[in-house]
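When we follow this note's numbering, the leftmost residue of the sequence shown carries the number 585, and every step to the right adds one. Built from N, CA and C at the ideal position, the CB exists for glycine as well. Just so it is clear, the structure is predicted and the values come from calculations on it, not from any experiment. Encoded as structure tokens, the structure appears first; notes follow it.
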Amino acid sequence: MDYTQTDIKYLAGVGPKKAEILNKEIDVFSVEDLLYYFPYKYIDRSRIYFIHEIDGNMPYIQLKGRITAFETLGEGRRKRLVAHFTDGTGFIDLVWFQGGKFITDKYRVGAPYIIFGKPTLFGDKFNIAHPDIDPFMGEENRATGLMPYYNTTEKMKSHFLNSKAIQKMMAVAFSSFIKNITETLPDTIVGDVRLMDLKQAMRNVHFPENTKLLRDAQYRLKFEELFYLQLNILRYTTERKNKLKGFVFSKVGEYLNSFYEKNLPFSLTNAQKRIIKEVRLDMATGEQMNRLLQGDVGSGKTLVALMLMLIALDNGFQACLMAPTEILATQHYATLVELLTGLGVEVELLTGSTKKKDRERIHQNLLTGDLQILVGTHALIEDVVRFANLGLVVIDEQHRFGVAQRAKLWSKNVNPPHILVMTATPIPRTLAMTVYGDLDVSVIDELPPGRKPIQTIHQYDKKRGALYASIKKQLQEGRQVYMVYPLIEESEKLDLKNLEEGFEHIKEIFPEYIVCKVHGKMKPKEKDAEMQRFVKNEAQIMVATTVIEVGVNVPNASVMVIESAQRFGLSQLHQLRGRVGRGADQSYCILVTPYELSAETKKRIDIMVESNDGFEIAEADLKFRGPGDLEGTQQSGIPFNLRIADIVRDGEILRCAREVAQKVLEEDPQLEKNENAILRKQLKKLGGNKYNWGLIS
Ligand code: ADP
Ligand code: MG
């Protein structure tokens, strides 16, 4: 029987009811799906502990002993079944909050059991809630070695489909189907990379004999997963490169030259010069450019974008600059207008709040080509917005844009425009490789001269006095101050209340200064007006939510106070901090938190205090949060789930898999050779055609 085709409901012991839950909850439809449902962790069950050894910080442990009595305690929601358990060295309580009847029916007082679970201290006694219990049938029959753990949902658990049940199912699947498992990689690759074969790998990932074999099995399965991913991406990107023509920006002309001679307000940093040259060459090759520009906050990406857009204009094309928020788009627009004074370049701003009349004029002028540079928000990608000849699209702070939105931009011209995506949130190389395949990356690794590194200080929220004193000092020196509050959707009401209270409080503390306020719930108009007051220094203190996170540029602001800093992600804190340190003055970022912090939160805050390096912080952020929560991953909309590999932690395997995939495609671009039939088959099966990777990056 073919396990790839066998419906899970026909597996012995499953049946239609459980099958339906497996379908719905974990996407397991066939026996093969089950076999590819991998454990998320393993616990060593060789050792049996004594009760008297238990201390407060133990992970899962195993005990051997007897239940001396059952007892039901508590009322209502606190009602629970307790089994008193002893191994002769001490006592511990086993506790169940549900399923009491089932437990008392199943387990007997006085019989020997192996108990497995995590001990926690309750009052002055340890207990284990919802332990695993197995009858003890002699040392030789005891489960030892590495015990796999499978993720299960609440729904599954309530139908007795817990990790253990999955493991049992897995054993049934194996005994029936192991002989049918056939290799899914070409022998040459298995041999060259010295991979464990698929059958062995499957066995060892679910029933590991020892850690060495488990590791080899995991390596093999991760390699395969990443290999096919890369093979897919690389195939499409090469295809795209061959098929699509790019506009050739062959010259530098009047616009860029006169800007450079007359309007450039300062000399470019070496990094800015290098990037402009790099991109200019890239836009002249005849291939369509697809480039990511990474540069830490304040590194001067806007100026680079402007100069590149002028090159597009010099070659007779239009350009657009897209930003994730209205505030940012407005600010970019103002910056461009100022920088372009006297050069005769037509620039307009298009956002959600552009008036109908202006909007119509803009649409008109885009079509005639009179309008040369369009700055805006998502409004730019609406279908009604059409260009005469769009040659370059710059997207600022790309992580705010989803894949679909970016893809829409491609349809703005017969030939796709060159695309430059700018970000201050560095995407780790491994992720960039996975998501974008052939995306070229440029890095601005230098800040404009004269900037003093921002000093970051961690302060407990009880010490308001000291905080206000240092703010006051800065205000007296003529500087401006940001105070940021978290606004998290789940607790929106409370967060807004905190912000309002903070605003009133700050007004009282600093009566001689003007305080303004910006948050996401305000109308764009109001937001803008408040923002402008701060930009013009008509207000000295701005109380805000993270709407100011990206891009906002007020060089005179030298203090960034972040309230409840523990609630922000590291990359977000770094972005916020980047709002100061933009002038020549010493700037400060003050992270305010409660005194009580978990060890991990404390570590995160410490990283912020110690490091000013966006790349370092992004890597640390990934490690703490795991790629699943990664903003980049979710918002760039990676449309796949990895079953076993982890893009961040398995960077080395990814690199290797990519090299092998590259080699395969160099030798056989269409995968036509006999030995590659298996690759074609697998790619097809993995539904590789669903996403056109080359196009959406
Ligand atoms: P980001 O890369 O974070 O978008 P911006 O483009 O907003 O940074 O630039 C930050 C600040 O640095 C702006 O005030 C800008 O005018 C200034 N700036 C940019 N390039 C230079 C330069 N070469 N020398 C001095 N200041 C510069
Ligand atoms: Mg910027």
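Check: residue i C-beta below 7 Å from any heavy atom of the ligand ADP
{"i": "Thr886", "result": "yes"}
{"i": "Leu815", "result": "no"}
{"i": "Pro1139", "result": "yes"}
{"i": "Ala1008", "result": "yes"}
{"i": "Val1312", "result": "The requested residue 1312 is not part of the displayed model; the chain covers only 585 to 1281."}
{"i": "Pro623", "result": "no"}
{"i": "Thr909", "result": "no"}
{"i": "Phe1199", "result": "no"}
{"i": "Phe850", "result": "yes"}
{"i": "Pro703", "result": "no"}
{"i": "Val881", "result": "yes"}
{"i": "Arg875", "result": "no"}
{"i": "Gly1165", "result": "no"}
{"i": "Thr925", "result": "no"}
{"i": "Pro1070", "result": "no"}
{"i": "Pro1032", "result": "yes"}
{"i": "Thr1130", "result": "no"}
{"i": "Gly1049", "result": "no"}
{"i": "Gly1153", "result": "no"}
{"i": "Gln878", "result": "no"}
{"i": "Gln856", "result": "yes"}
{"i": "Gly775", "result": "no"}
{"i": "Gly684", "result": "no"}
{"i": "Gly1162", "result": "yes"}
CB-CB length for residue i against residue j, believed under 8 Å
{"i": "Leu894", "j": "Leu840", "result": "4 Å"}
{"i": "Ser1155", "j": "Thr1009", "result": "5 Å"}
{"i": "Glu567", "j": "Gln956", "result": "As shown, the chain starts at 585 and ends at 1281. That puts residue 567 outside it, with no answer to give."}
{"i": "Lys783", "j": "Ile762", "result": "7 Å"}
{"i": "Leu647", "j": "Tyr633", "result": "6 Å"}
{"i": "Gln1116", "j": "Val1065", "result": "In fact, because the Cβ distance is near 17 Å, the residues do not count as touching under 8 Å."}
Residues that residue i bridges to, as DSSP identifies them
{"i": "Met731", "result": "Ile627"}
{"i": "Glu655", "result": "Val666"}
{"i": "Tyr812", "result": "None, per the DSSP bridge assignment."}
{"i": "Cys1173", "result": "Thr1040, Met1144"}
{"i": "Ala1128", "result": "Val1068, Val1102"}
{"i": "Gln878", "result": "Thr1007, Val1027"}
{"i": "Tyr633", "result": "Leu647"}
{"i": "Ala960", "result": "For clarity, residue 960 is Gly in the given sequence; the question names Ala instead. DSSP, once it has assigned bridges, lists Met906, Leu934 as partnering Gly960."}
{"i": "Val978", "result": "Leu905, Leu1004"}
{"i": "Pro719", "result": "Tyr697"}
{"i": "Leu1160", "result": "Note: Leu1160 sits in no beta bridge, so no partner."}
{"i": "Ala713", "result": "Val679"}
{"i": "Asp591", "result": "Ser614"}
Buried versus exposed call for residue i [16 or more other C-beta atoms within 10 Å across all chains shown]
{"i": "Asp1169", "result": "buried"}
{"i": "Ile699", "result": "buried"}
{"i": "Pro1211", "result": "For Pro1211, the pLDDT reaches just 43, beneath the cut-off of 50, and the residue's location in the model is therefore unreliable, although a value from the coordinates is still provided. With 16 or more other Cβ atoms within 10 Å, it is buried."}
{"i": "Tyr1087", "result": "The question names Tyr, but residue 1087 is Phe in the sequence shown. Answer is buried; the Cβ neighbour count reaches 16."}
{"i": "Met642", "result": "exposed"}
{"i": "Val693", "result": "exposed"}
{"i": "Leu1214", "result": "Low per-residue confidence applies at Leu1214: pLDDT is 35, beneath 50, and the placement is therefore not dependable, though the value from the model is reported in the following sentence. So Leu1214 counts as buried."}
{"i": "Val1193", "result": "exposed"}
{"i": "Gln1058", "result": "buried"}
{"i": "Thr1217", "result": "Interpretation of Thr1217 is limited by its pLDDT of 35, a score under 50 that renders its predicted location unreliable; the figure taken from the coordinates is listed afterwards. By the 10 Å Cβ count, Thr1217 comes out buried."}
{"i": "Pro1095", "result": "exposed"}
{"i": "Met786", "result": "buried"}
{"i": "Ser1171", "result": "buried"}
{"i": "Ser1220", "result": "Note that Ser1220 scores a pLDDT of 34, beneath 50, so its modelled location is shaky and nothing firm can be said."}
{"i": "Asp689", "result": "exposed"}
{"i": "Gly775", "result": "exposed"}
{"i": "Gly870", "result": "exposed"}
{"i": "Gln1254", "result": "exposed"}
{"i": "Asp677", "result": "buried"}
{"i": "Pro696", "result": "exposed"}
{"i": "Pro1223", "result": "Any reading at Pro1223 must be qualified, since the residue scores a pLDDT of 43, below 50, and its modelled position is unreliable; the value itself is stated next. Exposed, since its Cβ has fewer than 16 Cβ neighbours within 10 Å."}
{"i": "Gly597", "result": "exposed"}
Distance cut-off 7 Å: residue i Cβ against heavy atoms of the ligand MG
{"i": "Asp980", "result": "yes"}
The ligand PLP heavy atom lying under 7 Å from the CB of residue i
{"i": "Leu657", "result": "The model on display carries the ligand ADP and the ligand MG but not the ligand PLP."}
Contact with chain C by residue i, beta-carbon distance below 8 Å
{"i": "Leu934", "result": "Among the protein chains of the structure shown there is no chain C, as only one such chain exists."}
Give the list of continuous alpha helix (DSSP H) stretches no shorter than 4 residues that lie fully inside the stretch 885–957. 885–898, 910–923, 940–952
Secondary structure, alpha helix (DSSP H): runs of 4+ residues fully inside the stretch 755–788: 771–776
4 or more residues per run - each alpha helix (DSSP H) lying fully within the stretch 683–708: 684–690
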